[in-house]
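Data first, discussion second: the structure below is written as structure tokens.
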Amino acid sequence: MADDAVLLSKVTSQQKDPQGFRARVKYFDDHPDESGRDALETIDGRFVDRETVPLTTSATSIWACLVFSRCYRATESCRRSNLP
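Laid out in structure tokens, this is it:
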């Protein structure tokens, strides 16, 4: 679909790792029965928690995204400081 291509291009251009993002999109397109979860970092420093799950009524995947930048940064800061 043309609209999907435009949206995918826009979202890809906002990723810190656009090639990795595209590779995951292709993986889920090629494996519609798979599910997965990714932490995506955008070029403006936000983090997005993306969960991909198959729909049982078709061979299409959906993404559920949640921006969790503050939580992720705090967790990473603790991890880097070797704090529990």
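Take 162 as the starting number for the sequence shown in this note's numbering and just add one per residue. Built from N, CA and C at the ideal position, the CB exists for glycine as well. Values in this document were obtained by computation on a predicted structure and should not be read as measured data.
Identity of the residue in Asp205, Arg211, Arg207 nearest Phe189 by Cα: Nearest C-alpha to Phe189: Arg211.
Excluding the 5 residues preceding and the 5 following Gln180 in the sequence, name in chain order all residues of the same chain whose CB lies nearer than 8 Å to its CB. Nothing meets the Cβ criterion.
Selection from Arg185, Ser242, Ile204 that minimises the alpha carbon distance to Ser174: Ile204
With distances taken between CB atoms, is the gap from Val209 to Leu201 smaller than 9 Å? yes
Heavy atom of the ligand SAH less than 8 Å from the Cβ of Ala166, yes or no? Questions concerning the ligand SAH fall outside what the structure shown contains, since it holds no ligand whatsoever.
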